[in-house]
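Novice:
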Amino acid sequence: MIENRLLDITPEMVPEEARDILQKLNQAGYEAFIVGGCVRDCLLGKTPADWDITTSARPEQVKAVFSHTVDTGLQHGTVTVMQKTNGKLTGYEVTTYRIDGEYEDARHPKEVIFTAELAEDLKRRDFTINAMAYHPETGLQDLFHGREDLEAGVIRCVGEAKERFTEDALRMMRAIRFAAQLDAQIEPATWEAIKALAPNIEKVSAERIRVEMEKLLVSDHPDRFRLFYESGLTKFFLPEWDATMITAQENPHHCYNVGEHILHALMSTDLEGMKQENLPGGFERNRRILRLTMLFHDIAKPLMKTMDEDGICHFHGHPEKGAEMTEEILKRLKYDNDTVHMVSGLVRTHEGRFDATRRLLRRAINRYGEEQFPLYFYVQEADTLAQSDFLRGEKLERIAQLRELYKEIRARNEAVSLKDLAVKGADLIKAGVQPGPQMGELLHQMLEDVLEEPEHNNKEYLLEKYVDQK
Numbered sequence: 001m002i003e004n005r006l007l008d009i010t011p012e013m014v015p016e017e018a019r020d021i022l023q024k025l026n027q028a029g030y031e032a033f034i035v036g037g038c039v040r041d042c043l044l045g046k047t048p049a050d051w052d053i054t055t056s057a058r059p060e061q062v063k064a065v066f067s068h069t070v071d072t073g074l075q076h077g078t079v080t081v082m083q084k085t086n087g088k089l090t091g092y093e094v095t096t097y098r099i100d101g102e103y104e105d106a107r108h109p110k111e112v113i114f115t116a117e118l119a120e121d122l123k124r125r126d127f128t129i130n131a132m133a134y135h136p137e138t139g140l141q142d143l144f145h146g147r148e149d150l151e152a153g154v155i156r157c158v159g160e161a162k163e164r165f166t167e168d169a170l171r172m173m174r175a176i177r178f179a180a181q182l183d184a185q186i187e188p189a190t191w192e193a194i195k196a197l198a199p200n201i202e203k204v205s206a207e208r209i210r211v212e213m214e215k216l217l218v219s220d221h222p223d224r225f226r227l228f229y230e231s232g233l234t235k236f237f238l239p240e241w242d243a244t245m246i247t248a249q250e251n252p253h254h255c256y257n258v259g260e261h262i263l264h265a266l267m268s269t270d271l272e273g274m275k276q277e278n279l280p281g282g283f284e285r286n287r288r289i290l291r292l293t294m295l296f297h298d299i300a301k302p303l304m305k306t307m308d309e310d311g312i313c314h315f316h317g318h319p320e321k322g323a324e325m326t327e328e329i330l331k332r333l334k335y336d337n338d339t340v341h342m343v344s345g346l347v348r349t350h351e352g353r354f355d356a357t358r359r360l361l362r363r364a365i366n367r368y369g370e371e372q373f374p375l376y377f378y379v380q381e382a383d384t385l386a387q388s389d390f391l392r393g394e395k396l397e398r399i400a401q402l403r404e405l406y407k408e409i410r411a412r413n414e415a416v417s418l419k420d421l422a423v424k425g426a427d428l429i430k431a432g433v434q435p436g437p438q439m440g441e442l443l444h445q446m447l448e449d450v451l452e453e454p455e456h457n458n459k460e461y462l463l464e465k466y467v468d469q470k
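So the sequence shown is numbered by the working numbering: it starts at 1 and just counts up by one.
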């Protein structure tokens, strides 16, 4: 909960450029406030990603006040005012107070009516915590007790919850996402409305669903994904998930059903360790990849479950089947190719086991992929921590040993892929090898050699053994 952590907003919290916009609109005779998420974030002591401004001025009036504007969404009353910050232009969205007309597609109002009343604009917003406005001179405008809800850790719709969710069905996912990000509880009437209107999520585009799902997954409480299931939302945007929550794991290695194991694995990801390790690709990208991998790593278990004569269940082949399902799901959610490749690859290899030797580890890196392999340790660690205590110590010790060997391999610059070979294609051409299949075959033979014996990664040795003697 957020209790007793809120700050009082001060003018200094608002960027000078945003204050300048407010002041110029005021001087021209209009009201203007910063509004929505930036106000919420200031109260929480966070630095807002965006500074939205709402005003009584009509779009054409805003354009008349400022010399440099961009017509962002005039039909919805939005003009972007460009301000110079440290020599660079920064855009601030300025939107006219408005009343939304009837919604026809669970997202867009049929018409937008401009109004001169701030209260009318605030009451169309989704949640009380997002329906606050602030002005450096007049202070916080909180008509729906958003600060009180924020302080208590409550997600509550502005006005009638069913109306808000009928207007934009994505707000149901947003409510759960905010609950995860803020460690908050969803107010009962709001929760009941989500459960009642869950089928409407089918009207929302895959791209918008993906964004909300991902924001929840990278939060400090990814286990709140459970609320997507309990509300009935996953039935319509991720039906594969529902089966995991009713699939038991009668096996000494497990103490939860599949879905609960996944939720515990999400919470067991060592993000701090990954951040400190400073892996290629950057922390934000790797955090997203890791959390998505843990969400899907056992997605195929319900399909692959078998039970032996001793009453022990097994899930043979679930990594391979899970990789196929993951690729299909991620493409359905319109993920980029890099994410699809990385996540499905990690799902496929998440149960990979091999002895802790440098030779086997070099081969595993080559087989799994250099880019994916550093995340393999984090995947296996989270998976292990979400299992039963059975052999947990031995499993974690093996992961630790592999990590140390991996560091040794990197420190010694041992070859693990074709790009690490001392011999390149140009060297083979110079040695008289014609481009084509034969060249590729020679390079792979050389790689097999140095994967076994790293000291053989020497140009003279490899050319003499594989070219000069042929």
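Ideal placement from N, C-alpha and C gives every residue a C-beta, glycine not left out.
Going by Cα to Cα distance, which pick from Ile262, Tyr368, Thr339 is closest to Arg353?
Specialist: Checking every option, the nearest Cα to that of Arg353 belongs to Tyr368.
Novice: Rounded to the nearest angstrom, how far is the Cβ of Leu290 from that of Val416, given a contact under 8 Å?
Specialist: That pair is no contact at about 21 Å.
Novice: Rounded to the nearest angstrom, how far is the Cβ of Met294 from that of Thr269, given a contact under 8 Å?
Specialist: About 6 Å; that satisfies the 8 Å criterion.
Novice: Could you pull out every residue in the same chain whose Cβ sits closer than 6 Å to the Cβ of His314, ignoring the five residues on either side in sequence?
Specialist: The answer, listed in chain order, is Thr306.
Novice: Taking only runs that begin and end inside the stretch 28 to 106, name each unbroken beta strand (DSSP E) of 3 or more residues, in chain order.
Specialist: DSSP runs (the beta strand (DSSP E)) wholly in the stretch 28 to 106: 32 to 35, 53 to 55, 69 to 73, 78 to 85, 88 to 96, 98 to 100.
Novice: Quick check on the DSSP output: the alpha helix (DSSP H) that includes Phe237 runs from which residue to which?
Specialist: Where Phe237 is concerned, the enclosing alpha helix (DSSP H) stretches over 234 to 237.
Novice: Taking the straight line between their C-alpha atoms, what separation do you get for Asp142 and Gly36?
Specialist: Spanning the two alpha carbons is a distance of roughly 11 Å.
Novice: Is the beta carbon of Thr190 closer than 8 Å to that of Ala169?
Specialist: Cβ atoms of Ala169 and Thr190: not closer than 8 Å.
Novice: What's the C-alpha gap between Ile312 and Pro252?
Specialist: Ile312 and Pro252: Cα-Cα distance of roughly 8 Å.
Novice: Straight-line CA distance for Lys24 to Glu31?
Specialist: Computed Cα separation, rounded: 10 Å.
Novice: Using a threshold of 8 Å, state whether the C-beta atoms of Arg177 and Lys215 are closer than that.
Specialist: For Arg177 and Lys215, yes; Cβs fall inside 8 Å.
Novice: Across which residues does DSSP place Val112 in a beta bridge pair?
Specialist: Its beta-bridge partners are Asp100.
Novice: Taking only three categories from DSSP, how would you classify Gly425?
Specialist: In this structure, Gly425 counts as helix in the three-state DSSP scheme.
Novice: Please list, in chain order, all residues of the same chain as Glu455 whose beta carbon is under 6 Å from its beta carbon, the five residues on each side excluded.
Specialist: There are no such residues.
Novice: Confirm, please, whether the CB-CB distance from Phe237 to Ile209 is below 8 Å.
Specialist: Yes; because the gap between Cβ atoms is below 8 Å, this pair is in contact.
Novice: What three-state label does DSSP hand Asn145 in the structure shown?
Specialist: Residue 145 is actually His in this sequence, not Asn. Looking at His145 - three-state DSSP - the assignment turns out to be coil, as it is neither helix nor strand.
Novice: Which one or two residues does DSSP pair with Ile155 in a beta bridge?
Specialist: Answer is Ile186.
Novice: For Ile113, count neighbouring Cβ atoms within 10 angstroms of its own Cβ and tell me buried if that reaches 16, exposed if not.
Specialist: It counts as exposed.
Novice: Does the Cβ-Cβ distance between Tyr92 and Ser56 come in under 8 Å?
Specialist: In this structure, Ser56 does not lie closer than 8 Å to Tyr92 by Cβ.
Novice: DSSP on Met245, reduced to helix/strand/coil?
Specialist: Residue state, collapsed to three classes: coil.
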